[in-house]
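In our numbering, the protein residues as written are 4 to 182.
Even for Gly, the Cβ is constructed at its ideal location relative to N, Cα and C.
Since the structure comes first, as structure tokens, the remarks are kept for the end.
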Amino acid sequence: MPSDESRWSRLMASAQRGDESDYRQLLEELSRAIHGFLLVRIGATHFTEDCVQECLVAIHCARHSYDPGRPFKPWLFAIVRHKAVDVLRRQGSYERARARQRELLQVAALDADPGEYLTAGEGQLLGKLVTGQREAITLTKIEGLSTAEAARVLNISESAVKVRVHRGLGRLKQLMAME
């Protein structure tokens, strides 16, 4: 089976020639890869899915700019990186976005496979939490937002954020004890 790099490059070249089936397959594969990459980089917030969609739209708009003679992943992740930073800025923290941008640049420089990020122990444990708990923990404990900021992002009360974090941390302790 060909690598993602060669398969995606071939699918994009075919899409540039007008093959709708290959283009649809490419977007489906990229959607999963981008989602995995963003889950680790941004966390499981309601912004993640928005960012995936924005990335796919940007890829669609920029598909003419891809040169099939060049590697696909650097082209792809340049778009994803810029869209992720845009989403983080909308979350209300320019400085966090700048820090994430530097981090994303480092990751892109390594040309790492985004699917590998999902195998990280922390990501696996967080992935086992219910969405509300995962989002609250990601925003407060990983992203460093205050309870009030997280409440605004999630559109819930500060008390609800505290409850979700408390229950989520309790569940994480249980999960870690089982492993």
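How many angstroms separate the CA atom of residue i from the CA atom of residue j?
i    : j    : result
R44  : I145 : 10 Å
M181 : R170 : 17 Å
H38  : E161 : 28 Å
D7   : M15  : 12 Å
Y26  : F50  : 25 Å
P71  : D22  : 15 Å
Y120 : R20  : Caution applies to Y120, whose pLDDT of 38 falls short of 50 and renders its modelled position unreliable; the model cannot decide the point.
V166 : L91  : 25 Å
V2   : R93  : Because the chain in this structure spans residues 4 to 182, residue 2 falls outside the shown range and cannot be described.
L148 : S12  : 39 Å
If you follow the alpha helix (DSSP H) that residue i is part of, which residue opens it and which one closes it?
i    : result
T134 : T134 to I140
G39  : E23 to R44
G77  : A small fix is needed here, since residue 77 is Pro in this sequence, not Gly. P77 -> alpha helix (DSSP H) spans F75 to R93.
E146 : Counting along the chain, E146 falls outside any alpha helix (DSSP H), and DSSP gives it neither H nor E.
G171 : E161 to M181
Thinking C-alpha only, which one of the options is nearest residue i?
i    : options                  : result
L130 : R92, R174 and A153       : Note that residue 130 is Gly in the sequence shown, not Leu. Taking only the C-alpha atoms, the option nearest G130 is R174.
A36  : E23, C64, C54 and D22    : C54
K76  : I159, L148 and R10       : R10
A163 : R92, Q136, L148 and K176 : Q136
I62  : R73, L33 and R155        : L33
Just to check my reading of the structure: residue i and residue j have Cβ atoms closer than 8 Å, yes? What is that Cβ distance to the nearest angstrom?
i    : j   : result
C64  : V83 : Contact flag wrong, Cβ pair sits at about 14 Å.
T141 : G46 : 3 Å
L41  : A87 : 6 Å
Could you check whether the Cβ of residue i sits closer than 8 Å to any Cβ belonging to chain C?
i    : result
E138 : The chain inventory of the structure shown lacks chain C, comprising one protein chain alone.
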